[in-house]
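Below is one structure, written out as structure tokens; the observations come after it.
Numbering (my numbering), first residue to last: 101 to 248.
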């Protein structure tokens, strides 16, 4: 859990601090190969430099994905856009119970160190948006930050 928290914190900080689009020709081949091995059918690939890591934004079967890869080709994190209806029932139940006046605006599935988390952006008229991360069992994922 501590490693996952560190990765998410690093991912969040790197996204805020020094993110820049880069051409595929500037991405090390070991990093590009990591993406191609894991997702050989990826399309519309865009690369960004995130601190010392590289983020690939791509489509796979019409779904948006983001893959954070370090300079050695190790996958750090994988984020997939999903529909709110694709969230586990336990997550939907927790949101309805704890945030009844909000609706789920965006949802993503995140994999960190082999552990799956679900993050949601909640909207309610006249209220501040909520950004929460849950386990598949519907519990708030302690120590895991929302990844924008």
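No residue lacks a Cβ here, since even glycine has one placed at the ideal position from N, Cα and C.
From the DSSP secondary-structure annotation, give me the bridge partner or partners of residue i.
i: residue 133; result: Beta-bridge pairing links residue 133 to no other residue.
i: residue 219; result: 208, 233
i: residue 175; result: 169
i: residue 154; result: 149, 169
i: residue 120; result: 149
i: residue 159; result: 143, 164
i: residue 181; result: 208
Please list, in chain order, all residues of the same chain as residue i whose beta carbon is under 6 Å from its beta carbon, the five residues on each side excluded.
i: residue 246; result: 219, 231, 233
i: residue 173; result: 130, 131, 134
Determine the direct distance from the alpha carbon of residue j to that of residue i, and round the result to whole angstroms.
i: residue 126; j: residue 222; result: 37 Å
i: residue 124; j: residue 146; result: 8 Å
i: residue 138; j: residue 187; result: 23 Å
i: residue 206; j: residue 122; result: 27 Å
i: residue 158; j: residue 182; result: 14 Å
i: residue 153; j: residue 142; result: 19 Å
i: residue 192; j: residue 224; result: 16 Å
i: residue 119; j: residue 227; result: 29 Å
i: residue 213; j: residue 175; result: 9 Å
i: residue 162; j: residue 156; result: 15 Å
i: residue 150; j: residue 198; result: 34 Å
Checking contacts by CB at 9 Å: is residue i closer than that to chain B?
i: residue 240; result: The structure shown contains no chain B, having only a single protein chain.
Would you mind giving the Cβ-Cβ distance between residue i and residue j, rounded to the nearest angstrom? I have them listed as a contact below 8 Å.
i: residue 180; j: residue 144; result: Not quite, the Cβ-Cβ distance comes to about 15 Å (not below 8 Å), so this is no contact.
i: residue 190; j: residue 148; result: With a Cβ gap of about 33 Å, residue 190 and residue 148 do not count as contacting.
i: residue 250; j: residue 239; result: Since the displayed the chain opens at 101 and closes at 248, residue 250 lies outside it and no answer follows.
i: residue 217; j: residue 241; result: 5 Å
Sorted by chain position, which residues of the same chain lie with C-beta nearer than 7 Å to residue i's C-beta, five sequence neighbours on each side aside?
i: residue 184; result: 204, 207
i: residue 128; result: 171
i: residue 194; result: 234, 238
i: residue 229; result: 221, 222, 223
- Kindly confirm or deny that the segment 157–174 and the segment 128–145 touch, where touching means at least three C-beta pairs closer than 8 Å. yes
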